[in-house]
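Scroll down for the structure; my scribbles are underneath it.
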Amino acid sequence: MSHKHSRRHLLQQLKSIAADDDQAVAALVRQYFSTEYARLAEEFWQRRDGLETTAAFAKLLDAVIRALCDHVMQGEPASRPFAVAAVGGYGRSCVCPKSDIDLLIIVTPRDAAKTRLINRLIQCLWDTGMKVGHSVRTPLQMIQHAKNDNMAATAMLDARFLWGDQAFFATSWQHFFQKVMRNNLLEFVTAKVDEQRQRHLKFKNSYSVVEPNLKESRGALRDLDMMLWLGKAAAKCYTFSDLAVQGWISSMEARRLQKAQQFMLSMRCALHFITHKPDNTLNFVMQPDMAQRLGYRERSHIRGVERLMKQYHLFARFVSTTNAAVVQQIQQTLQPVQQHQYVGSIGVDLPYFIYHECLTIPNMRTLDHYPTAILKAFLYTARRGYDFSPLLMRAIKSTLHQIDEAFRKDPNNTAMFLEILCHAPYAEKALKLMSDSGVLGAFIPDFARITGLMQYDQYHVYTVDEHTLAAVFLLHRLMHGELRDMFPLASSLCANISNPRILFMAVFLHDIAKGRGGDHSHLGAEIARRLCPLFDFNDSETNMVAWLVEQHLLLSTFALKRDITDTDTLRAFAAEVQTLERLKLLLILTVVDIKATNPSLLNSWKTSLLRELFYAAEDILSGGLLTAGRESRIARLKQDLVLHLSDWDQASIEHWLGILPDSYFLATPPMRQEQHLRWLRSHPDIIQVPFLAYENQAGRDATEIVICAEDQPGMFARITGALSQCQANIVDAQIHTLLNGLILDTFFIQDKGNAFQWPDQLDRMLGKIRLALKDSGMPMGDSLKPVTAKHITPQVVIDNYLSKQYTVVEITAADRPGLLYHLTTWLWQHRVQIASAKISTFGELAVDTFYVRDVFGLKIESPAHLQYLQHGLNTLLSGLPRQDV
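For the sequence shown, the numbering used here begins at -6 and goes up steadily by one.
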């Protein structure tokens, strides 16, 4: 049955129902609405057209609401005018499947006779399952309410007649438009601009967020609506084409805005159909399903979900910049300003003309004849800190075709870019403007390939281009000494950099090859070797930049995923770095890279690990013997500890210093060493009664659990099982075997990303651990619940070359409660001894590294044993409990 016939059939059925039988009417309409909703969903997944679906859904609502109005109002005399109108998104015939349905009911003053009927109508709508919001106003109340409530005025601006006296509706709306829009247009526009500004701030003020709100984020659907609202209020522009007729946008921009609207509405409709909720935030869990259903597949080494999100970010950037230009032009129409004029050569006077905040630029096409003026304008703002007007941004975007190969190779242009990148005091503002306008991608096409590119994980909170610029901005702050308190070592090294442009170029290029498939570090080094000579880098400088790009993950990998108290690990790292200059530059690059990836990742603990590895490698590379350098550090640490234990007797000091392994002193902060020893000394019978204690560590947002007990097989697995039973997320662990047969293990745990706050909760946790230490057969894993886990493919890497004494097993998997327990239990059950462990979490990603030996205490050398280890761990990870969304 066609749509028209089905609606005609509905009307015929409604006529056969008694006038007062609202329940029968609601049941019939509910069944009809459900059938039609399912049909719309099926058609949407076939065509994937959000504009078409929202319009069709509005028609469906129109039919249902008109039918119910006919039913409720039948026989009611039309002695007084009465009208029902759709407002808001429904009024624009642009309503998503689970969006609210807003109605405006216009009545004459004191029309009490209609109150009962209006209530009955709304109740019928609710009984059908529709989520309806409504307001009842007289024409005068419409005007008064709109003057006092800008959001109400906006909703009324989109009002569309549905049922009743159409002439009455038209007259009422015209009076509202004249009194509120025509007579108070400046106030309306000013309020909408302020409302938009506040909304942008609420939603991170960026179009590059990796979990965007499809309705409210910068560059999303509300920014598209904003242009139409202002256009409608100022000149009755109902479409983007109307805005082009007014001259506020070009016809090309109008077409692209319509494509952006269609794309974002398709995403929002898909989200509503998938979740069956009025969701607007496209979170990580939903993104893969969304990409698959909308037909985005892997292409050119970019995953389907990343292609979808890149398309979103490119559209959002375009919408955001076009929105700013339209808003500025409409504001200028309402509040004309004195216009500056060109004086002499544009190459000289363009900056002067721009940076005195003029809002119109006459004869903008003259930019075509002076393309070098584009970079001069950015250099000027990099030196002075002025903003570009949105109209200038649009003008520059229209001249991107002027940036050709000759422009890119012009020494004057490359020199201007280097000054902006490396030396200018307002580089952050200039580079952001270059990126927003598309100039940065046009000037360096490799940058265009990472623009809007999102990495699908919760570890990265920015798109690749935004992350790159954030890293450059952090480097400028380090160079200026602004982050000395946060990163004292990196700041001190920056003060002694002889050639800063090497470091700036390495930071700018370190992720330039992402999204190309293969190792982005290796591919990025090749790009660096190609680009650096164009910017007048000599061979030595180019090689240094390329090495930094290729090895930019080296320091963080060793510091955060390896046991840096192991002599062989330190020697392997130093062999890769080779020189002190490389080490210094790599430390700075690592700090800004991690901090720009996710501001919450680089806490004081991880910073201390980077610093410890730096100093250890510096000892080796400065010419000293490794053992001597290591032993001297340990000796210094022991001396410092003795000074803090001045109230102890000599025998106690010698006892504890004699049984603690050297690895403990290198891995544990000095203040914690003193605390640990004072705890342990106060608990003399540890073999009979294990020692347990906890303390919150503010610098890590974690709770430290310290355990000292007699060493037994599987102890590590039992402890991790007890912690997992308590839903504690283990973010780090250090295990040490003392020379008297005791273990001293330290676990850092979190409760939903923070330290545990309630002492009774921690006391119960210690009780669980005590039971686990007593009973080796306690079934820890049975009570672990499946948890939500993302589609992260687990990976097991076994390295038999990093250490002479141990086999190194690195496991990457989705982080979840119980992960470490399952891994350590499997290793114990298969007679693999864990000598040390390095536990790291990066957002939802866990990277657990174990230094292991076989049952005889030897490095695992047998190929068959190594293969069994690899296969067994992979099988375990693929079968861990999970609840995929």
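All C-beta atoms in this analysis are idealised placements derived from N, C-alpha and C, irrespective of residue type, glycine included.
Computed from a predicted model, the values in this text were never measured in an experiment.
inquiry  = Quick check on this structure: which residue in Q718, D640, G746 has the alpha carbon closest to the alpha carbon of H815?
reply    = Numbered from 1 along the sequence shown, position 822 holds the residue referred to as residue 815. Comparing C-alpha distances from H815 to each of Q718, D640, G746 shows the shortest one belongs to Q718.
Proximal residues to Q690 (C-beta, below 6 angstroms), its chain only, five neighbours per side dropped = Sequence index remark: in the sequence shown, residue 690 carries index 697 (1-based). For Q690, where only same-chain residues beyond five positions count, the Cβ hits under 6 angstroms are E697.
key: Local conformation of D612 per DSSP, three classes   = Within the sequence shown, numbered from 1, the residue matching residue 612 stands at position 619. If DSSP states are grouped into helix, strand and coil, D612 belongs with the helices.
ask   = Going by beta carbon distance, what residues of the same chain come within less than 6 angstroms of H193, once the five residues before and after it are set aside?
value = Residue numbering aside, residue 193 sits at position 200 when the sequence shown is read from its first letter. Excluding residues within five positions, the ones whose Cβ falls inside 6 angstroms are R211.
Opening and closing residue of the alpha helix (DSSP H) in which L735 lies = To locate residue 735, count along the sequence shown from 1; it is residue 742. Here L735 belongs to no alpha helix (DSSP H); instead the beta strand (DSSP E) covers 735 to 743.
query = What residues in its chain sit with their C-beta under 6 angstroms from that of Q189, if we drop five residues either side in the sequence?
reply = On the sequence shown, position 196 is the one that residue 189 refers to. A distance below 6 angstroms between beta-carbons, with the five flanking residues on each side excluded, links Q189 to the following residues of its chain, in chain order: M219.
request  = Using beta-carbon positions only, say whether I396 and A435 come within less than 9 angstroms of one another.
outcome  = If you number the sequence shown from 1, residue 396 lands on position 403. If you number the sequence shown from 1, residue 435 lands on position 442. Yes, the Cβ-Cβ distance between I396 and A435 is below 9 angstroms.
ask   = For L287, which residues from the same chain have a beta carbon less than 8 angstroms from its beta carbon, with the 5 sequence-adjacent residues on both sides left out?
value = Reading the sequence shown from its first residue, position 294 is the one you call residue 287. Counting only Cβ-Cβ distances below 8 angstroms, and skipping sequence neighbours, we find R41, S259, M260, A263, L301.
ask   = How many whole angstroms separate the CB atoms of N273 and N206, which I take to be in contact at a CB cut-off of 8 angstroms?
value = One-based indexing of the sequence shown puts residue 273 at position 280. One-based indexing of the sequence shown puts residue 206 at position 213. Right, the Cβ-Cβ distance comes to about 5 angstroms (below 8 angstroms), so this counts as a contact.
ask   = Are G599 and I587 touching if we call contact CB-CB under 9 angstroms?
value = On the sequence shown, residue 599 is found 606 positions in, with the first residue counted as 1. On the sequence shown, residue 587 is found 594 positions in, with the first residue counted as 1. According to the sequence displayed, residue 599 carries Lys and not Gly. Yes, Cβ-Cβ distance for K599 and I587 is below 9 angstroms.
query = Just the Cα atoms here: how many angstroms apart are E45 and Y30?
reply = As a position in the sequence shown, residue 45 is number 52, starting the count at 1. As a position in the sequence shown, residue 30 is number 37, starting the count at 1. Taking the straight line joining both Cα atoms gives about 14 angstroms.
query = Does DSSP put H729 in a helix, a strand or coil?
reply = Along the sequence shown, read from residue 1 onward, the residue named residue 729 stands at position 736. Of the three classes helix, strand and coil, the one that applies to H729 here is strand, per DSSP.
Residues of its chain near R23, where Cβ-Cβ distance is below 6 angstroms and the 5 sequence neighbours each way are ignored = What you label residue 23 is simply residue 30 of the sequence shown in a count that begins at 1. Excluding positions up to five away in sequence, the list reads T121, G122.
request  = Decide if G431 is buried, meaning its Cβ has at least 16 other Cβ atoms within 10 Å, or exposed.
outcome  = Locating residue 431 in the sequence shown gives position 438, where the first residue counts as 1. Buried, by the Cβ-count rule.
key: Own chain, CB closer than 6 angstroms to K778, minus 5 neighbours either side, in chain order   = In the sequence shown, the residue the question calls residue 778 occupies position 785. With a pLDDT of 48 at K778, under the threshold of 50, the predicted position of this residue should be treated as unreliable, and no value is reported.
request  = Output the boundary residues of the alpha helix (DSSP H) element that contains S165.
outcome  = To locate residue 165, count along the sequence shown from 1; it is residue 172. It spans 159 to 169 - the alpha helix (DSSP H) in which S165 sits, taken as one unbroken run.
query = What residue range is occupied by the uninterrupted beta strand (DSSP E) comprising R130?
reply = Locating residue 130 in the sequence shown gives position 137, counting from the first residue. That run of the beta strand (DSSP E) goes 125 to 130.
request  = Pull up the DSSP beta-bridge partners for V100, would you.
outcome  = The residue you call residue 100 lines up with position 107 of the sequence shown. Bridge partners of V100: F75.
query = Which residues bound the alpha helix (DSSP H) around I652?
reply = Residue mapping note: residue 652 aligns to position 659 of the sequence shown, counting from 1. According to the DSSP assignment, I652 belongs to the alpha helix (DSSP H) that extends over 643 to 652.
request  = Return the CA-CA distance between M144 and S243, expressed in angstroms with no decimal places.
outcome  = Residue 144 sits at position 151 when you count from the first residue of the sequence shown. Residue 243 sits at position 250 when you count from the first residue of the sequence shown. For M144 and S243, the distance between alpha carbons rounds to 29 angstroms.
message = Can you check which of these residues, Y799, T535, Y687, is closest to D753 by C-alpha distance?
response = Numbered from 1 along the sequence shown, position 760 holds the residue referred to as residue 753. Closest option to D753, Cα to Cα, is Y687.
key: Runs of alpha helix (DSSP H) wholly within the region 179 to 237 (minimum 4 residues, chain order)   = Here the runs fully enclosed are 214 to 228.
Nearest neighbour of D504, chosen from I443, I98, A318, D532 [CA to CA] = Within the sequence shown, the letter at position 511 stands for residue 504. Nearest option by C-alpha distance: I443.
message = Using CA atoms only, rank isn't needed, just tell me which of R290, K229, M283, L307 is closest to A253.
response = Along the sequence shown, one-based indexing puts residue 253 at 260. Ranking the options by Cα distance to A253, first place goes to L307.
task = Leaving aside the five residues before and after P355 along the sequence, list all residues of the same chain whose C-beta is less than 6 angstroms from its C-beta, in chain order.
result = As a first step, residue 355 must be located in the sequence shown, where it is residue number 362. With a pLDDT of only 39 at P355, under the threshold of 50, the placement of this residue in the model should not be trusted, and no figure is reported.
message = Determine whether the beta carbon atoms of I495 and V465 lie at a separation below 9 angstroms.
response = Here residue 495 refers to the residue found at position 502 when the sequence shown is read from its first residue. Here residue 465 refers to the residue found at position 472 when the sequence shown is read from its first residue. No, the Cβ-Cβ distance between I495 and V465 is not below 9 angstroms.
ask   = In whole angstroms, what is the alpha-carbon distance linking K632 and T562?
value = Here residue 632 refers to the residue found at position 639 of the sequence shown. Here residue 562 refers to the residue found at position 569 of the sequence shown. First, the residue type needs correcting, since residue 632 is Gln and not Lys in the sequence shown. Between the alpha carbons of Q632 and T562 lies a distance of about 25 angstroms.
Residue from A237, L221, G240, V238 whose Cα sits closest to the Cα of Y231 = Within the sequence shown, residue 231 is the residue found at index 238, counting from 1. For the residues A237, L221, G240, V238, the minimum Cα distance to Y231 belongs to L221.
request  = Go to D458, then tell me how far its alpha helix (DSSP H) extends in each direction, as first and last residue.
outcome  = Numbered from its first residue, the sequence shown carries residue 458 at position 465. Residue range 457 to 472 is occupied by the alpha helix (DSSP H) that includes D458.
task = Just the C-alpha distance for V173 and I267, rounded to the nearest angstrom, thanks.
result = In the sequence shown, counting from the first residue as 1, residue 173 sits at position 180. In the sequence shown, counting from the first residue as 1, residue 267 sits at position 274. Approximately 40 angstroms between the Cα atoms of the pair.
request  = Measure from the alpha carbon of A660 to the alpha carbon of each residue in A284, H729, Q171, then state which is nearest.
outcome  = On the sequence shown, residue 660 is found 667 positions in, with the first residue counted as 1. Closest option to A660, judged by alpha-carbon separation, among A284, H729, Q171: H729.
query = Under the three-state reduction of DSSP, which class applies to L777: helix, strand or coil?
reply = Along the sequence shown, one-based indexing puts residue 777 at 784. Any reading at L777 is ruled out, since the residue's pLDDT is 47, under 50, leaving its predicted position unreliable.
message = Cutting at 6 angstroms between CB atoms, please list the residues of its own chain near L579, excluding the five before and the five after it.
response = For this step, residue 579 is matched to residue 586 along the sequence shown. Taking L579 as the centre and dropping the five residues before and after it, the same chain places the C-beta of L548 closer than 6 angstroms to its C-beta, in chain order.
ask   = Residues in its own chain within less than 7 angstroms of H138 by CB, not counting five upstream and five downstream?
value = For the purposes of this step, residue 138 is identified with residue 145 of the sequence shown, where counting begins at 1. Counting only residues of its own chain and dropping the five nearest sequence neighbours on each side, H138 has a CB closer than 7 angstroms to the CB of R130, A145.
key: Under 9 angstroms between C-beta atoms of V500 and I520   = Translated into the one-based positions of the sequence shown, residue 500 becomes position 507. Translated into the one-based positions of the sequence shown, residue 520 becomes position 527. Not closer than 9 angstroms, so no.
message = I'd like to know whether the C-beta atoms of W819 and F709 end up nearer to each other than 9 angstroms.
response = Numbered from its first residue, the sequence shown carries residue 819 at position 826. Numbered from its first residue, the sequence shown carries residue 709 at position 716. It is not a contact, given that the beta carbons lie outside the stated cut-off.
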